[in-house]
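The structure appears right after this line, and notes come after that.
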Amino acid sequence: MEKQLTPQQSLDVITSMIQQAKGNMQKNSFYFLLWGWTIVIANLGVYLLIKFTDVADPYLMFLITIVSAIISMIYGFRQGKQAVVSTHLDSIYKWLWIGFGVNCFIFWFFGAKMGWQLSAIITSMCAVPTLLSGVLLKFKPLIFGGLVFWIFGALIFLTNNETQFLLAAIAVTLGYILPGYMLRNADKHA
C-alpha cells in the first residue's frame, strides 16, 4: 500500500519539481548567449558589408547560423542525457524554441516572396518565445527582452535596408545577450 503524503510533503514535492524545471531552463542561458552573439555578429557583418563594401551577397553572413544550429543540437543532446528530471514544462519550453527555429527557416527560405522583410518579421517573432521564457522562468529581463523585440520589429519595418541590420543587432543585444548573461549569473548565485 502506498504511503500518503502529508500536505507539507506534497508541497515540498511540487516546490522541488518547480525548482528542477527552473534549474533546467536556467541552463538555457547558453542558448540565449550562443544565438544572441551569432545573430549580432551576422547582423553587424551584413550591415558593415552593405555600408562599406560592394560585396554581391552580404546576406551570406547568416550562414554562421548553421554552425550555431549544430552546436545547439550537440549541446541539447548532451544536456538531455545528463538531465536528472525532465518536466512537462521543459518539454513545452524546448518545443516552443524548436517551433520558432522552424518558422525562421521557412521565412528565410521563402524570403523573396515577402520582399525580404526578414529582419522585421524574425525580430517581431523573437518576442513570443523570449517573453514566454521570461514568464516560465519568472525572469523579468527576458520578459523585457520580449517587449524589446516587438518594439524593434516594428521599427525595422520603418527603416531602410542597411539600418534594419543595425537595429536587429541592438534588439538581440537587449533581448538575448543581456538577459542571457543575467540568467547565467542568477544561476551561479542560486
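In this text, residue positions in the sequence shown follow the working numbering: the first is 63, and each later residue adds one.
Just so it is clear, CB atoms sit at the ideal spot from N, CA and C, and this is done for glycine as well.
Q.
What ranges does the alpha helix (DSSP H) occupy inside the segment 132-213, keeping only unbroken runs of at least 4 residues that lie completely in it?
A. Whole alpha helix (DSSP H) segments, 4+ residues: 150-171 and 180-199.
**Q.** Beta carbon of Y155 nearer than 9 Å to that of S195
**A.** In this structure, Y155 places its C-beta atom within 9 Å of the C-beta atom of S195.
(Q) Less than 9 Å between the beta carbons of V108 and F124, yes or no? (A) Cβ atoms of V108 and F124: closer than 9 Å.
Q.
I need the straight-line Cα distance from W157 to P191, nearest angstrom please.
A. Inter-residue distance for W157 and P191 is about 10 Å (C-alpha atoms, whole angstroms).
Q: Tell me where the alpha helix (DSSP H) around K113 begins and ends.
A: Taken as a continuous stretch (DSSP letters only), the alpha helix (DSSP H) holding K113 covers S91 to F114.
Q) Between which two residues does the alpha helix (DSSP H) carrying V117 extend? A) In this chain, V117 is not harboured by any alpha helix (DSSP H), its DSSP state being neither H nor E.
Q. Quick one: what does DSSP say L220 is sitting in, helix, strand or coil?
A. The answer is coil: DSSP assigns L220 none of H, G, I, E or B.
**Q.** At least three beta-carbon pairs within less than 8 Å, the segment 167-177 to the segment 219-228
**A.** With the cut-off at 8 Å, the segment 167-177 and the segment 219-228 do not touch.
Q. Under the rule that 16 or more other beta-carbon atoms within 10 Å means buried, what is P120, buried or exposed?
A. By the neighbour-count rule (16 or more Cβ atoms within 10 Å), P120 is buried.
Q. Among F201, K143 and A182, which has the Cα closest to the Cα of L245?
A. Ranking F201, K143 and A182 by Cα distance to L245 puts F201 first.
Q. Under the three-state reduction of DSSP, which class applies to T235: helix, strand or coil?
A. Secondary structure at T235: helix, using DSSP grouped into helix, strand and coil.
Q: Look at L229 and F211 and say whether their C-beta atoms are less than 9 Å apart.
A: With respect to the 9 Å criterion, L229 and F211 are not classified as neighbours on the basis of their beta carbons.
Q | Cα-Cα separation between S134 and W159, rounded to whole angstroms | A | Straight-line Cα distance between these residues: approximately 11 Å.
Q: Taking only the alpha-carbon atoms, compute the straight-line gap between N105 and L180 and give it to the nearest angstrom.
A: Looking at the backbone, the Cα of N105 and that of L180 are separated by about 12 Å.
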